[in-house]
Amino acid sequence: MIEIDGSYGEGGGQVVRTAVALSAVTGKDVKVTNIRKNRPNPGLKQQHLKALETAARICEARVSGLFPGSSELFFAPVEIRGGKYEVDIGTAGSITLLLQSLMPALPFAKEKVELTIRGGTDVAWSPTIDYLQHVTLRALEQLGYAGSVTLKKRGYYPRGGGGVSAVFEPCKLRGFHFRKEGENRKSEKARRWEETRKKGSNTNRGTEIPGISHASNLPAHVPARQAEAAEYLLLEAGCGSRIEIQSFELPSTGSGITLWSGYCGGSALGKRGLPAEKVGRRAAEEIISELSSKASVDVHLADQLIPYMALAGKSSYTVRELTLHAATNIWVTEQFLGVKFRIEEKEGLFEVSID
Numbered sequence: 001m002i003e004i005d006g007s008y009g010e011g012g013g014q015v016v017r018t019a020v021a022l023s024a025v026t027g028k029d030v031k032v033t034n035i036r037k038n039r040p041n042p043g044l045k046q047q048h049l050k051a052l053e054t055a056a057r058i059c060e061a062r063v064s065g066l067f068p069g070s071s072e073l074f075f076a077p078v079e080i081r082g083g084k085y086e087v088d089i090g091t092a093g094s095i096t097l098l099l100q101s102l103m104p105a106l107p108f109a110k111e112k113v114e115l116t117i118r119g120g121t122d123v124a125w126s127p128t129i130d131y132l133q134h135v136t137l138r139a140l141e142q143l144g145y146a147g148s149v150t151l152k153k154r155g156y157y158p159r160g161g162g163g164v165s166a167v168f169e170p171c172k173l174r175g176f177h178f179r180k181e182g183e184n185r186k187s188e189k190a191r192r193w194e195e196t197r198k199k200g201s202n203t204n205r206g207t208e209i210p211g212i213s214h215a216s217n218l219p220a221h222v223p224a225r226q227a228e229a230a231e232y233l234l235l236e237a238g239c240g241s242r243i244e245i246q247s248f249e250l251p252s253t254g255s256g257i258t259l260w261s262g263y264c265g266g267s268a269l270g271k272r273g274l275p276a277e278k279v280g281r282r283a284a285e286e287i288i289s290e291l292s293s294k295a296s297v298d299v300h301l302a303d304q305l306i307p308y309m310a311l312a313g314k315s316s317y318t319v320r321e322l323t324l325h326a327a328t329n330i331w332v333t334e335q336f337l338g339v340k341f342r343i344e345e346k347e348g349l350f351e352v353s354i355d
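Under the UniProt record's numbering, think of the first position of the sequence shown as 1, with each following residue one higher.
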């Protein structure tokens with residue numbers, strides 16, 4: 001059995017999510033103590049419980065410590081099965097964080113895994129559903145990962161009610177060295193855009209940075225203003241954009257915007273009293289800071305990739321900042337897989353690699 005101190009490093013729910021996923025992969029029992037010890041409300045919360053319950057169903061695990069506020073968890077997996085599963089997190093628990101507890105294990109399932117999940121798609125302190133679709137999964141494809149997530153309905157805090165369907169196929173992961181998009185080769189579309197830009201024309205403006213600006217139960221000008229503010233900053237930074245505007249009437253009320261390019265993203269969520277223009281600018285500022293660096297992946301993707309790189313082998317990336325989330329994920333992953341990541345600082349960037 002592997003014992004993990006849940007207060008190590010970042011000390012949040014990510015420790016539990018990664019530990020449970022890698023327990024399922026390796027078949028090693030795991031005991032996690034001091035769960036979220038340094039958080040204002042320590043222990044397991046509703047979204048953690050649903051994620052762990054789902055992981056236990058998929059790999060037929062014996063599990064104890066599944067109750068609100070639990071500071072200790074025992075998880076003993078048997079076999080990662082395929083099949084169809086329905087999960088209702090309740091309220092606005094993050095769908096993307098629930099998937100983080102499962103996704104590293106699913107390449108090793110005996111058969112295809114199909115999930116229907118209800119909860120929050122765009123909530124604070126978690127990747128947006130658009131980021132998962134357009135940045136995380138795009139990067140994982142390079143490692144041989146076979147999975148797709150389809151948005152059915154958005155769900156915002158506090159009511160939630162969003163929904164996604166997801167399909168994951170058994171697959172063999174392979175190593176990949178992430179490079180800044182276009183460093184080795186450029187897509188024909190990107191090449192044409194760059195050539196046109198050099199000639200001083202903006203007729204192809206909109207081909208560089210896609211995005212989605214959305215809102216529910218709010219005036220239609222709210223997502224439009226988010227998009228316009230983001231577009232203005234992106235244009236100032238020399239970037240084109242193509243931001244889709246979505247306006248809904250759903251059970252939950254909220255807004256947000258996500259932008260992406262290559263292995264980088266930027267997102268922001270609206271909240272009461274926060275002008276739509278600030279929401280749009282925050283998302284644009286986030287992706288501009290990533291694209292302005294020479295890093296191959298953004299700071300959020302950097303920590304998400306760690307367990308997959310360890311399972312695939314011979315992989316690397318560069319990132320402008322090695323966050324505590326990433327360092328913690330590296331530590332947890334090394335406990336299970338007997339691997340060692342190498343971290344080197346080069347020209348103001350951190351290169352993270354595994355052989």
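Cβ atoms here follow ideal geometry from the backbone N, Cα and C, with glycine treated the same way.
My assumption, with CB atoms under 8 Å, is that residue i sits in contact with residue j. Please give the rounded CB distance.
i: Arg159; j: Ala312; result: In fact, because the Cβ distance is near 38 Å, the residues do not count as touching under 8 Å.
i: Ile129; j: Ile95; result: 7 Å
i: Ile4; j: Val332; result: 6 Å
i: Gly263; j: Leu291; result: According to the sequence displayed, residue 263 carries Tyr and not Gly. Incorrect: roughly 10 Å between the Cβ atoms, too far for contact.
i: Leu305; j: Val297; result: 7 Å
i: Gly6; j: Val15; result: 5 Å
Output the boundary residues of the beta strand (DSSP E) element that contains residue i.
i: Pro210; result: Ile209 to Ser216
i: Glu10; result: First-last for Glu10: undefined, no H or E at that position.
i: Ala268; result: Cys264 to Leu269
i: residue 381; result: An answer regarding residue 381 cannot be provided, because it is not within the stretch 1 to 355 covered by the chain.
i: Leu259; result: Gly254 to Ser261
Under 7 Å Cβ to Cβ from residue i, same chain only, skipping five residues before and after it: list those, please.
i: Glu86; result: Thr116
i: Lys186; result: Low confidence applies to Lys186: its pLDDT is 40, below 50, so where it sits in the model is not reliable, and the reading given next is rough at best. None.
i: Arg282; result: Ala268
i: Ala327; result: Gly9
i: Tyr317; result: Phe178, Ser296, Val297, Ala302, Leu305 and Val352
Sort the options by Cα distance to residue i and report the nearest one.
i: Glu285; options: Gly69, Gln226 and Leu22; result: Gln226
i: Thr150; options: Gly270, Leu99, Ser23 and His177; result: Leu99
i: Leu66; options: Val78, Pro77, Lys50 and Glu79; result: Lys50
i: Leu218; options: Arg272, Leu235 and Pro210; result: Arg272
i: Thr54; options: Lys31, Pro68, Arg81 and Val222; result: Arg81
i: Pro42; options: Ser64, Val20, Thr18 and Gly11; result: Gly11
i: Arg242; options: Gly348, Leu259 and Ser252; result: Leu259
i: Ile212; options: Gln246, Lys294, Thr121 and His221; result: Gln246
i: Ile354; options: Val32, Lys294, Leu337 and Trp125; result: Leu337
i: Ser252; options: Ile2, Met1 and Thr91; result: Thr91
Apart from the five residues just before and just after residue i, which ones in its own chain have a Cβ nearer than 6 Å to its Cβ?
i: Glu114; result: Lys84 and Val167
i: Pro127; result: Thr96
i: Ala61; result: Phe75, Ala76 and Pro77
i: Asn202; result: Low per-residue confidence applies at Asn202: pLDDT is 38, beneath 50, and the placement is therefore not dependable, though the value from the model is reported in the following sentence. Answer for Asn202: no residue qualifies.
i: Val25; result: Ala105 and Phe108
i: Gly163; result: Arg118, Lys152 and Lys153
i: Arg192; result: At Arg192 the pLDDT is 43, less than 50, meaning the model places this residue with poor confidence; the figure from the coordinates comes in the next sentence. Excluding residues within five positions, none has a Cβ falling inside 6 Å.
i: Leu322; result: Phe350
i: Asp88; result: Arg118
If I measure Cβ to Cβ from residue i and keep anything under 8 Å in the same chain, skipping five residues before and after, which residues do I get?
i: Ala146; result: Pro107, Phe168, Glu169, Pro170 and Cys171
i: Asn184; result: With a pLDDT of 41 at Asn184, under the threshold of 50, the predicted position of this residue should be treated as unreliable, and no value is reported.
i: Thr223; result: Correcting the residue type first, residue 223 is Pro in the shown sequence and not Thr. Excluding sequence neighbours, Pro223 sits near Ser213, His214, Ala215, Ile245, Gln246, Ser247, Ser255, Ile257 and Ala276.
Between which two residues does the alpha helix (DSSP H) containing residue i stretch?
i: Ala53; result: A small correction: the amino acid at residue 53 is Glu; Ala does not occupy that position in the sequence shown. Looking at the DSSP string, the run of the alpha helix (DSSP H) that includes Glu53 is Gln46 to Ile58.
i: Gly13; result: Gly13 to Thr26
i: Arg62; result: Here Arg62 belongs to no alpha helix (DSSP H); instead the beta strand (DSSP E) covers Arg62 to Ser64.
i: Pro275; result: Careful: Pro275 lies outside any alpha helix (DSSP H) and carries neither H nor E.
Establish whether the CB of residue i and some CB of chain D are separated by less than 7 Å.
i: Val299; result: Among the chains in the structure shown there is no chain D, since it carries only a single protein chain.
Query raised in the report: Can you list, in chain order, the stretches of the beta strand (DSSP E) that have 3 or more residues and sit fully within the stretch 66-100?
Result: 73-76 and 83-88
Query raised in the report: Which runs of the beta strand (DSSP E) spanning at least 3 residues fall entirely within the stretch 108-190, listed in chain order?
Result: 113-119, 147-153 and 162-168
**Report entry** In chain order, each beta strand (DSSP E) run of at least 3 residues that lies wholly inside the stretch 277-354
**Finding:** 315-319, 342-346 and 349-354
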